[in-house]
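At position 427 of the sequence shown the residue is numbered 427 (UniProt numbering), and the sequence of numbers has no breaks. Single-structure report; data block below.
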Amino acid sequence: MKRFPLAHATHPQWRMAAALVVAQLRAQMSLPGHAATPPLGLLYITDHYAAHARDILGYLSDELPEIRDWAGTVGVGICATGVEYFDEPAMAVMACDLSPQQYRVFSGVAPLPARGLPDTGFQAHTALIHADGQTADLPELIAEMASRTATGYLFGGLSSSRGASVQFALGDRGAASALKSADGVFAGGMSGVAFASGVQLVSRVTQGARPIGAQHVVTQVDGNVVLALDGQPALGVLLEEAGIDLNHTQEAMTRLRSTLVGLSAPGGQDDARLMARRQFGDAVEVRHIIGLDPARRGVAIADRPPTGTCLAFCERHVDAARADLVRICTEIREELEPQGVSVGVGGSLGPDEEDSAAQVSREIVGAVYVSCSGRGGPHFGGDSAELQVVRRALGDVPLIGFFAGGEIARHHLYGYTGVLTVFTAAA
């Protein structure tokens with residue numbers, strides 16, 4: 001597997017931006033160490049181009065015939081290596097150097113088969129997911145989709161747009177051949193790319209919020225209204241930890257709007273060491289506070305947590321988000337870099353040592369980053385600041401992504417997070 005060619009451009013006219021992207025890809029495909037005929041293209045566009053989605057996909061398919069399959073979506077912002085495009089017309093394409101047997105494009109027209117069905121010649125190991133946030137029962141559908149993969153690991157996000165919400169899914173192999181009869185542009189539901197076990201991925205979730213108090217257990221709840229935490233009225237716990245005085249209405253409303261809740265599964269209390277450092281782990285899902293119930297001393301949230309769920313009140317915090325982003329990039333690099341292996345007599349490695357060295361000596365050939373639309377832009381301190389953090393920490397690797405209305409990792413739907421996934425090959 002060679003380095004994935006990457007191209008991105010902005011222009012008021014989509015055709016000019018697409019032509020720039022094609023020219024960049026052609027130039028990179030001719031470079032040593034880069035894929036010359038990559039068959040899979042990941043395409044992300046900002047919502048300025050959403051109305052021209054079919055024309056864009058048709059143009060790119062005609063100009064880059066070696067890319068037989070396409071997947072992608074729209075975002076209020078998109079990103080590439082070291083750069084973000086917000087509130088401007090832009091597109092980005094990454095061409096993935098995978099063999100046709102290593103992936104399948106899917107959508108509602110050509111769904112990913114459930115595990116346990118007769119052998120179709122392809123078994124999904126992981127999957128990149130793009131979904132419409134208006135889809136009914138979305139959390140359940142995400143969990144069901146995860147069950148169709150061998151690892152249960154999904155990564156991706158929800159399309160975000162101030163206008164039309166579109167997804168790209170165009171393929172011509174296996175069940176995905178049904179996509180060839182469509183135009184490759186969809187609205188609603190889910191689509192994406194499933195990868196076989198031979199595609200080596202490393203993925204991490206970075207949180208954008210930090211706890212402002214202790215982690216509690218939900219002991220009484222009515223639908224989406226949390227009534228008691230650790231046996232105490234939930235509203236009282238919130239007011240105390242957030243420092244809110246309801247007698248000062250304006251200040252109280254301002255503070256409430258900036259306060260969120262971090263939820264984790266029943267019995268899944270976050271690492272005490274992380275909580276002590278005022279950090280969340282990957283298991284925490286951040287949700288909005290949508291109202292108060294003074295009569296019952298409850299707090300209404302944008303979820304329906306069962307009794308036993310762990311809950312911590314939290315806030316968005318740029319320094320915490322930046323530090324956590326550096327942390328996951330560092331973890332990824334450490335996982336791929338060769339570890340110290342002692343060399344035996346004569347300077348050769350023993351069989352076990354050779355296997356160990358081969359497993360850890362890998363390099364990044366491409367990356368996908370899906371970040372919350374509330375994190376991009378000036379939140380990290382300036383234009384493209386978030387992607388510059390990734391570039392400095394991860395290195396100058398081909399990276400593409402978008403700013404989503406919700407982020408997907410494993411079988412969970414997150415908010416205010418970033419999901420960074422890298423494709424690796426033997427160094």
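Don't be surprised by glycine CBs; every beta carbon is placed ideally from N, CA and C. On a predicted model such as this, the values are computed, not experimentally measured, just so you know.
Asked                                                                                                                          : Found
Under the three-state DSSP convention, the category Pro65 falls into                                                           : coil
Residue range of the unbroken beta strand (DSSP E) whose run includes Gln207                                                   : 200-207
Neighbourhood of Arg68 by C-beta distance below 7 angstroms, restricted to the same chain and skipping five residues each side : Pro39, Asp172
Opposing strand residues paired with Ser191 [DSSP bridges]                                                                     : His130
Exposed unless 16 or more other CB atoms sit within 10 angstroms - verdict on His125                                           : buried
Local conformation of residue 440 per DSSP, three classes                                                                      : Since the first residue of the chain shown is 1 and the last is 427, residue 440 is not available in this structure.
Where the beta strand (DSSP E) containing Thr10 begins and where it ends                                                       : 6-10
Residue nearest to Ser165 in terms of C-alpha spacing, selected from Gly189, Ala143, Leu154                                    : Gly189
Residues of its chain near Gly41, where Cβ-Cβ distance is below 6 angstroms and the 5 sequence neighbours each way are ignored : Ile67, Trp70, Val93, Ala95
Own chain residues within Cβ distance below 6 angstroms of Gly213, not counting five before or after                           : Glu241, Phe313
Thr417, enclosing beta strand (DSSP E) - first and last residue                                                                : 417-426
Beta-bridge pairing of Met94 - partner residues as DSSP gives them                                                             : Leu6, Leu42
DSSP state of Thr249 mapped onto helix, strand, coil                                                                           : helix
Local conformation of Ser348 per DSSP, three classes                                                                           : Any reading at Ser348 is ruled out, since the residue's pLDDT is 35, under 50, leaving its predicted position unreliable.
Reduced DSSP secondary structure (H/G/I, E/B, other) of Ala358                                                                 : Because the pLDDT of Ala358 is 44, which lies under 50, any placement of that residue in the model is unreliable, and the number read from its coordinates should be weighed accordingly. Of the three classes helix, strand and coil, the one that applies to Ala358 here is helix, per DSSP.
Where Glu363 sits in the DSSP three-state scheme                                                                               : strand
Cβ distance (whole Å) where Val368 is taken to contact Ile400 below 8 angstroms                                                : 6 angstroms
Per-residue burial, Pro32 [other beta carbons within 10 Å of its own, 16 or more giving buried]                                : exposed
6 angstroms CB neighbourhood of Asp352 in its chain, flanking five on each side removed                                        : Low confidence applies here, because Asp352 scores a pLDDT of 47, under 50, leaving its location unreliable; read the following figure in that light. Nothing meets the Cβ criterion.
Nearest-angstrom Cα separation, counted from Gly374 out to His8                                                                : 22 angstroms
Unbroken stretches of the beta strand (DSSP E), 3 residues or longer, contained in the stretch 291-316                         : 298-301, 310-316
Proximity below 8 angstroms, CB of Gly157 to CB of Phe423                                                                      : no
Identified DSSP bridge partners for Arg287                                                                                     : Val261
Proximity winner among Ala90, Gly382, Ile290, relative to Val21 (alpha-carbon distances)                                       : Ala90
Nearest residue (CA-CA) to His379, options Asp282, Leu60, His317                                                               : His317
Through-space distance from Gly208 to Asp282, alpha-carbon basis                                                               : 11 angstroms
Inter-stretch contact (C-beta, 8 angstroms, three-pair minimum) for the stretch 107-117 and the stretch 76-87                  : no
6 angstroms Cβ shell around Val419 - same chain, five flanking residues per side excluded                                      : Phe155, Val205, Val370, Glu407, Ala409
Local conformation of Arg104 per DSSP, three classes                                                                           : strand
Extent of the continuous alpha helix (DSSP H) to which Glu407 belongs                                                          : Run containing Glu407: none in the alpha helix (DSSP H); it sits in the beta strand (DSSP E), 407-409.
Those residues which DSSP pairs with Thr73 across a bridge                                                                     : Tyr44, Gln167
Beta-bridge partners of Val218, as assigned by DSSP                                                                            : Leu229
DSSP bridge partner residues for Leu399 (one or two, in chain order)                                                           : Ala367
Thr421 versus His288 - alpha carbon distance                                                                                   : 26 angstroms
Under the three-state DSSP convention, the category Ser181 falls into                                                          : Interpretation of Ser181 is limited by its pLDDT of 48, a score under 50 that renders its predicted location unreliable; the figure taken from the coordinates is listed afterwards. Three-state DSSP puts Ser181 in a helix.
Cβ-based neighbour list, Tyr414, same chain, cut-off 6 angstroms, excluding 5 preceding and 5 following                        : Glu285, Glu407
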